[in-house]
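K.L.:
Sharing a structure here in structure tokens format.
There are 2 protein chains.
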Amino acid sequence: MAKSRRLNKQIVVETAVLLANQSGSWQTLTLTELAAALDVRVPSLYNHVQGQEGLRRELALYGLEALLTAVRHAAIAKIGQEALVAIAHAYRTFAQANPGIYELTLQAPATDDNELQQLSSELVTLIALLLGSLGLTGDAALHAIRGLRSLLHGFVSLEMGGGFGLPLDLDESFQQMVVVYLQGLVPV
Amino acid sequence: MAKSRRLNKQIVVETAVLLANQSGSWQTLTLTELAAALDVRVPSLYNHVQGQEGLRRELALYGLEALLTAVRHAAIAKIGQEALVAIAHAYRTFAQANPGIYELTLQAPATDDNELQQLSSELVTLIALLLGSLGLTGDAALHAIRGLRSLLHGFVSLEMGGGFGLPLDLDESFQQMVVVYLQGLVPV
DNA sequence: TTGACAAACTAATATTATTAGTTTATAAAT
DNA sequence: ATTTATAAACTAATAATATTAGTTTGTCAA
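Chains as they are written, first to last, in my numbering: chain A, 1 to 188; chain B, 189 to 376.
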């Protein structure tokens, strides 16, 4: 890591993201390892993040913002089923590219953490809009959102954890799963 | 905890399961806490499990066996869609009753750990059989298994993590999700 | 040039896990 | 009933990590 005497929160967080993604999990990232990568002593990190817990929150924020950006971008100029499929693929791509911090994007944010709460609800809102364009509203839409989120999270979580043992194309499984669910949701 | 001088692996593991389920996660269970609950010193635990990693494996085994038992029991004397819905509910019930060890049941087992590998594949086999009775075979069945597992895991994982914020009946969401997916899989 | 302040440091403490080596209790064999 | 082998408990020591307190240092602005 560079020798730019004088860190800041951004450098600390981005380095942590890098290390977490390299190892595949934020849980194995120690402050010791992070400090070494930044070429400072461990206590110096406390000038920028509030210990382990503070770092975890920063990583969650970083991850949620990146995820939202990716998903929003995927939905641009698309509607209905096409948009939902695009979002699904963007979601999975994000998880694959950020295995070390993906999990943090769906931790329940502390009820007093407005910033996280806010970001956390935006994904739901986005999907709700798209389901509306499919004709789903009210409670039916809310149930469908839960179904979709479960589907997406379940797949990428199992995929990342190596839970799918069989030698069968994962892209194909994912595509089929999404389409099957949407098919059940809004039969043609 | 009882004072039965002379522990054994079973007591150690079952106490660990209890503590993990009480706190909601195996990750926060320390050997220190476990030893205190058993009224022994920490190093004594090493006579029964091989450190943290060994304990984690034991918990995974315990969890997988319990999950398999629950799911098999739910499927007795049922076929087709009815059996799959029953399995889904049993899966969720298990996760709710065992929040502290559920996650361990879908960790990818080490490739040299035959016992875990074996148990891990049995759930897949069971679902495959039931899908067969729905008329799904070959690759289509394998993709469907992945979809179902994603659905189930995603829902219970989000539910346990408090990821569903809205004040909307969770049982209803779960039931609808499963039915919608099966509907998409095998349209009536 | 100097002085204030933020950011780095050192030092000390607490928690946890692990290993080595010793003592003790139990259960089997005499 | 005694003895003895062994498994299981213990103590002690070490290493890794996180955290806090207090000190030093470097930078920027007056």
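Idealized CB from N, CA, C, for every residue including glycine.
Give, in chain order, every unbroken run of the beta strand (DSSP E) that is at least 3 residues long and sits entirely within the stretch 41 to 120 of chain A.
P.N.:
Correct list: empty.
K.L.:
Quick check: is the beta carbon of B/Arg337 nearer than 8 Å to any beta carbon in chain A?
P.N.:
Start at 1 with the first residue of the second sequence, and residue 337 of chain B comes out as number 149. At least one chain A Cβ lies under 8 Å of B/Arg337.
K.L.:
Roughly how many angstroms separate the alpha carbons of A/Ala88 and A/Val179, rounded to a whole number?
P.N.:
The residue you call residue 88 of chain A lines up with position 88 of the first sequence. The residue you call residue 179 of chain A lines up with position 179 of the first sequence. Cα to Cα, A/Ala88 sits roughly 10 Å from A/Val179.
K.L.:
So for B/Asp153, helix, strand or coil by DSSP?
P.N.:
Examination of residue 153 of chain B is not possible in this model, given that chain B is present from 189 through 376 alone.
K.L.:
Compare the C-beta of B/Leu373 with all C-beta atoms of chain A and state if any pair is closer than 8 Å.
P.N.:
As a working mapping, residue 373 of chain B is identified with position 185 in the second sequence. Yes, because at least one Cβ of chain A sits closer than 8 Å to the Cβ of B/Leu373.
K.L.:
Go through its chain and collect everything with a Cβ distance to A/Val186's Cβ below 8 Å, but skip five positions before and after it.
P.N.:
Taking the first residue of the first sequence as position 1, residue 186 of chain A is located at position 186. The residues are Gln81, Leu134, Gly135, Leu136.
K.L.:
Using a Cβ cut-off of 9 Å, pull out every chain A residue sitting near B/Gln295, in sequence order please.
P.N.:
Taking the first residue of the second sequence as position 1, residue 295 of chain B is located at position 107. Chain A residues near B/Gln295: Gly161, Gly162, Gly163.
K.L.:
Please identify, using Cβ separations under 9 Å, the residues of the stretch 123 to 147 of chain A that lie next to chain B, in order along the chain.
P.N.:
From the stretch 123 to 147 of chain A, only Val124, Asp139, Ala140, Leu142, His143, Ala144, Ile145, Arg146, Gly147 have a Cβ closer than 9 Å to chain B.
K.L.:
Kindly list, in the order they appear in chain A, the residues whose Cβ is closer than 9 Å to that of B/Gln364.
P.N.:
Mapped onto the second sequence, residue 364 of chain B falls at position 176. Result: Ala140, His143, Ala144, Arg146, Gly147.
K.L.:
Determine, for A/Ala153, whether the minimum Cβ-Cβ distance to residues of chain B falls below 8 Å.
P.N.:
Residue mapping note: residue 153 of chain A aligns to position 153 of the first sequence, counting from 1. Here the sequence assigns His to residue 153 of chain A, which means Ala is not the residue at that position. Taking Cβ atoms only, chain B reaches closer than 8 Å to A/His153, which makes this a yes.
K.L.:
Is the CB-CB distance between A/Ala90 and A/Val71 below 8 Å?
P.N.:
Residue numbering aside, residue 90 of chain A sits at position 90 when the first sequence is read from its first letter. Residue numbering aside, residue 71 of chain A sits at position 71 when the first sequence is read from its first letter. A contact, by the Cβ cut-off of 8 Å.
K.L.:
Pairing CB atoms from the stretch 115 to 135 of chain A with CB atoms from the stretch 295 to 308 of chain B, are three or more of them under 8 Å?
P.N.:
The stretch 115 to 135 of chain A vs the stretch 295 to 308 of chain B: no contact.
K.L.:
Taking A/Ala144 as the reference, which of B/Leu339, B/Ala332, B/Asp327 has the closest Cα?
P.N.:
For this step, residue 144 of chain A is matched to residue 144 along the first sequence. Closest option to A/Ala144, Cα to Cα, is B/Leu339.
K.L.:
Between A/Leu45 and chain B, is the shortest Cβ-Cβ distance under 8 Å, so that the two count as touching?
P.N.:
Start at 1 with the first residue of the first sequence, and residue 45 of chain A comes out as number 45. Not one chain B Cβ lies under 8 Å of A/Leu45.
K.L.:
For A/Lys3, decide whether its Cβ has a neighbour in chain B, counting only Cβ atoms nearer than 8 Å.
P.N.:
Taking the first residue of the first sequence as 1, we reach residue 3 of chain A at position 3. Because A/Lys3 carries a pLDDT of 38, less than 50, the predicted location of this residue cannot be relied on, and the following value inherits that uncertainty. With 8 Å as the cut-off, A/Lys3 does not count as an interface residue toward chain B.
K.L.:
Starting from the C-beta of B/Leu294, find all residues in its chain whose C-beta is less than 7 Å away, skip the five residues before and the five after it, and write them out in chain order.
P.N.:
Sequence index remark: in the second sequence, residue 294 of chain B carries index 106 (1-based). Here the set comprises His341.
K.L.:
Using a cut-off of 9 Å between C-beta atoms, extract the partners of B/Leu356 located in chain A.
P.N.:
In the second sequence, residue 356 of chain B corresponds to position 168, counting from 1. Within 9 Å Cβ-Cβ: Asp139, Leu142, His143, Arg146.
K.L.:
Taking the alpha helix (DSSP H) that B/Leu324 belongs to, which residues open and close that run?
P.N.:
As a working mapping, residue 324 of chain B is identified with position 136 in the second sequence. Element bounds for B/Leu324: n/a, residue is neither H nor E.
K.L.:
Please report the straight-line C-alpha distance between B/Thr257 and A/Leu38, rounded to a whole angstrom.
P.N.:
Within the second sequence, the letter at position 69 stands for residue 257 of chain B. Within the first sequence, the letter at position 38 stands for residue 38 of chain A. About 49 Å.
K.L.:
Can you list the residues of chain A that B/Glu360 reaches, using a CB-CB cut of under 9 Å?
P.N.:
The residue labelled residue 360 of chain B in the question sits at position 172 within the second sequence. Here the neighbours are Asp139, His143.
K.L.:
From A/Ser189 to A/Asp112, what does the alpha carbon distance come to, in whole angstroms?
P.N.:
Because chain A in this structure spans residues 1 to 188, residue 189 of chain A falls outside the shown range and cannot be described.
K.L.:
Measuring alpha carbon to alpha carbon, tell me which residue in A/Ala60, A/Asn98, A/Arg92, A/Leu61 is nearest A/Ser23.
P.N.:
Translated into the one-based positions of the first sequence, residue 23 of chain A becomes position 23. With distances taken between Cα atoms, A/Ser23 lies closest to A/Asn98.
K.L.:
Excluding five sequence neighbours on each side, which residues of the same chain lie with their C-beta closer than 8 Å to the C-beta of A/Val156?
P.N.:
As a working note, residue 156 of chain A is residue 156 in the first sequence. Answer for A/Val156: Tyr91, Arg92, Ala95, Gln96, Tyr102, listed in chain order.
K.L.:
Quick one: is B/Val368 near chain A, going by C-beta distance under 8 Å?
P.N.:
Sequence index remark: in the second sequence, residue 368 of chain B carries index 180 (1-based). True, the Cβ-Cβ gap to chain A drops below 8 Å.
K.L.:
For the alpha helix (DSSP H) holding B/Ser211, just list the boundary residues, first then last.
P.N.:
The residue labelled residue 211 of chain B in the question sits at position 23 within the second sequence. B/Ser211 -> alpha helix (DSSP H) spans 197 to 211.
K.L.:
In terms of residues, what are the limits of the alpha helix (DSSP H) holding B/Thr216?
P.N.:
By 1-based counting over the second sequence, the position of residue 216 of chain B is 28. Taken as a continuous stretch (DSSP letters only), B/Thr216 belongs to no alpha helix (DSSP H), as it is neither H nor E.
K.L.:
Sort A/Tyr62, A/Gly163, A/Glu159 by Cα distance to A/Asp236 and report the nearest one.
P.N.:
Any answer about residue 236 of chain A is impossible in this case: the structure gives chain A only from 1 up to 188.
K.L.:
For A/Glu33 and B/Glu202, I'd like the C-alpha separation in whole angstroms.
P.N.:
For this step, residue 33 of chain A is matched to residue 33 along the first sequence. For this step, residue 202 of chain B is matched to residue 14 along the second sequence. One C-alpha to the other measures close to 35 Å.
K.L.:
Cα separation between A/Val17 and B/Leu249?
P.N.:
In the first sequence, the residue the question calls residue 17 of chain A occupies position 17. In the second sequence, the residue the question calls residue 249 of chain B occupies position 61. Each residue's Cα considered, the two are about 32 Å apart.
K.L.:
My output table needs one value for A/Phe164: the three-state DSSP class, helix, strand or coil.
P.N.:
On the first sequence, residue 164 of chain A is found 164 positions in, with the first residue counted as 1. Note: A/Phe164 maps to coil in three-state DSSP.
K.L.:
Please name the residue in A/Val188, A/Arg41, A/Phe164, A/Arg146 whose C-alpha comes closest to that of B/Asp357.
P.N.:
Here residue 357 of chain B refers to the residue found at position 169 of the second sequence. Comparing Cα-Cα distances from B/Asp357 to each of A/Val188, A/Arg41, A/Phe164, A/Arg146, the minimum goes to A/Arg146.
K.L.:
Apart from the five residues on each side of it in sequence, which residues of its chain come closer than 7 Å, Cβ to Cβ, to A/Ser4?
P.N.:
The residue you call residue 4 of chain A lines up with position 4 of the first sequence. With a pLDDT of only 45 at A/Ser4, under the threshold of 50, the placement of this residue in the model should not be trusted; the figure read from the coordinates follows. Once the five neighbours on either side are set aside, A/Ser4 has no close Cβ partner at all.
K.L.:
I need the straight-line Cα distance from B/Val230 to B/Thr218, nearest angstrom please.
P.N.:
Here residue 230 of chain B refers to the residue found at position 42 when the second sequence is read from its first residue. Here residue 218 of chain B refers to the residue found at position 30 when the second sequence is read from its first residue. If I take the Cα positions, the gap works out to 10 Å.
K.L.:
Closest to A/Val85 by C-alpha separation, out of A/Phe174, A/Gln52, A/Gly184, would be which residue?
P.N.:
Translated into positions along the first sequence, residue 85 of chain A becomes position 85. A/Val85 has its Cα closest to that of A/Phe174, out of A/Phe174, A/Gln52, A/Gly184.
K.L.:
Would A/Leu158 pass as an interface residue toward chain B - the criterion being a Cβ-Cβ separation below 8 Å?
P.N.:
Walking along the first sequence from the start, residue 158 of chain A turns up at place 158. Output row for A/Leu158: interface = yes.
K.L.:
Check B/Arg334 in the structure and name its three-state DSSP category.
P.N.:
Walking along the second sequence from the start, residue 334 of chain B turns up at place 146. Note: B/Arg334 maps to helix in three-state DSSP.
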